[in-house]
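Below is one structure, written out as structure tokens, with a few remarks after it.
In the UniProt record's numbering, the protein residues as written are 1 to 248.
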């Protein structure tokens with residue numbers, strides 16, 4: 001099942017494609033090297049190493065990233081930066097109108113996950129480059145079923161006085177972390193992505209949006225396994241992921 005790249009059923013301005021306080025939003029995504037990304041997905045999606053060619057897997061990773069970006073953009077988020085060590089990802093980001101930021105080593109890289117290091121790098125860049133951004137979203141880059149409607153609703157419900165987050169389908173991981181950016185805030189220290197990240201974000205005071213997990217299944221479906229991909233397919237994949245799977 002394929003969905004439109006941008007959900008046009010609701011007007012972004014009418015739906016409040018910005019937080020209730022009208023703050024300008026910037027989003028940070030992070031993508032691994034395409035040759036290394038999604039090894040768990042490859043292990044469950046393909047039956048043999050001969051079928052799991054890095055170029056094939058990389059095209060699917062890149063497609064999911066592009067669909068995530070288009071859903072964000074459809075929600076009115078136009079300031080988007082992706083952090084990656086992969087030149088192909090950065091080139092695709094530039095072609096899509098997204099800022100591509102080469103991943104840099106962090107002196108604290110040994111004490112935090114590579115994903116959080118990349119998010120922190122992107123957050124610092126946002127603060128320098130778009131200093132008038134009042135809100136910051138850290139978004140997983142593998143949300144091929146996410147719709148602009150869900151992103152708009154999340155933005156409209158984010159509190160202005162506390163960080164907030166949305167969990168994945170099983171409630172243990174995090175697909176989106178939101179925070180207000182104020183002078184002096186250590187924005188790069190906010191993300192706690194990785195195993196058990198939902199608990200980690202609660203422990204630092206972030207508010208869980210929709211804790212009953214009744215809404216935004218499309219947004220909660222990050223893709224790490226073949227089962228995740230099947231769920232995303234049922235919900236409706238973005239056009240980039242649909243084309244990539246046809247090619248595969």
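Don't be surprised by glycine CBs; every beta carbon is placed ideally from N, CA and C.
With residue 102 as the anchor, note down where its beta strand (DSSP E) starts and where it stops. 99–102
Do residue 27 and residue 136 count as a contact pair if the criterion is CB distance below 9 Å? yes
Mind checking if residue 69 is an interface residue toward chain D, Cβ cutoff 9 Å exclusive? Protein chain content of the structure displayed is limited to a single chain, and chain D is not contained in it.
What does residue 208 pair with, by DSSP beta-bridge criteria? 165
For residue 55, is the classification buried or exposed, using 16 other Cβ atoms within 10 angstroms of its Cβ as the cut-off for buried? exposed
Please list, in chain order, all residues of the same chain as residue 217 whose beta carbon is under 6 Å from its beta carbon, the five residues on each side excluded. none
Are three or more beta carbon pairs between the stretch 154–167 and the stretch 224–244 nearer than 8 Å? no
Taking the CB atoms as reference points, tell me whether residue 145 and residue 74 lie closer together than 9 Å. no
Identified DSSP bridge partners for residue 179: 136
At a threshold of 8 Å, does residue 143 count as lining the ligand ADP (C-beta to nearest heavy atom)? No copy of the ligand ADP appears in this structure; indeed no ligand is present at all.
In the DSSP assignment, the beta strand (DSSP E) including residue 79 goes from what residue to what residue? 79–84
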